[in-house]
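Numbering (our numbering), first residue to last: 1 to 145.
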């Protein structure tokens, strides 16, 4: 005997668990809503993966390609993030013959936001690094603000 909300048959499995066969127009709406939720989640995950890939590319371009030469020291730098995109940053700032600044930073934030913060830090450091020779405390205060 059908009930108003659409249970038409009941089944028992070998363990005695009860299952109901249901039908009704509301079931189609429910299934469609579930499908939409799954599609939206997949789209959100796809966008997040795309954003992370962009951030990874931006970050890779921000690291120095060459090390300024020093007669007294051989050195190199590399960054290997634990995740796809990390918040670690390093740079070499050429301060003239025989002078070099080595920058190490941990950027707050991941994804595009973190990559943009890193780009902003790099622009600040590279545009103001000449100030470091004249007044290091003022330079650091300027970059940190």
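In this text, a Cβ means the ideal position worked out from N, Cα and C, and glycines have one as well.
- The residue among 106, 139, 19, 111 with its C-alpha nearest the C-alpha of residue 53 is 111.
- DSSP places residue 94 in the uninterrupted beta strand (DSSP E) bounded by 88-94.
- One Cα belongs to residue 81, the other to residue 60, and the distance between them is close to 11 Å.
- Our two residues, residue 83 and residue 55, have alpha carbons roughly 12 Å apart in a direct line.
- When the Cα atoms are used, residue 43 and residue 35 turn out to be separated by approximately 12 Å.
- DSSP places residue 106 in the uninterrupted beta strand (DSSP E) bounded by 100-106.
- Collapsing the DSSP output to three states places residue 9 in a strand.
- Counting only runs of 3+ residues, the beta strand (DSSP E) found wholly inside the stretch 12-40 occupies 18-22, in chain order.
- For residue 134 and residue 51, the gap between their C-alpha atoms comes out near 40 Å.
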